[in-house]
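Note sheet for the following structure.
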Amino acid sequence: MRLFECGTLVPGCAWHTRADNDAEVVRRAVEHLKSAHGETTIRENMVDNIKARIRDEANAA
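The letter at position 1 of the sequence shown is residue 1 when you use the UniProt record's numbering, and the numbering goes up by one with no holes.
Structure follows, in structure tokens:
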């Protein structure tokens, strides 16, 4: 499983998601950024920042 924790991008946010692949993790993270953090435009660099913070759940401490 792949894991993304929003707090690694938005300090203080406890939201996280897991999925079998990075594409689904990115999709969920983008939806979260729109609904919880009020982002209206998701730029390519934001997607890159999300991707850079996705990791294997087995490696998560």
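Glycine residues also receive a C-beta, built at the ideal position from the N, C-alpha and C atoms. Nothing here was measured: the structure is a model prediction, and the numbers come from that model.
Per-residue burial, residue i [other beta carbons within 10 Å of its own, 16 or more giving buried]
| i | result |
| --- | --- |
| residue 47 | exposed |
| residue 29 | buried |
| residue 37 | exposed |
Residue from the options with nearest C-alpha to residue i
| i | options | result |
| --- | --- | --- |
| residue 15 | 1, 7, 44 | 7 |
| residue 24 | 52, 2, 56 | 2 |
| residue 54 | 12, 10, 11, 21 | 21 |
For residue i, the residue or residues it bridges with in DSSP
| i | result |
| --- | --- |
| residue 56 | 2 |
| residue 16 | 5 |
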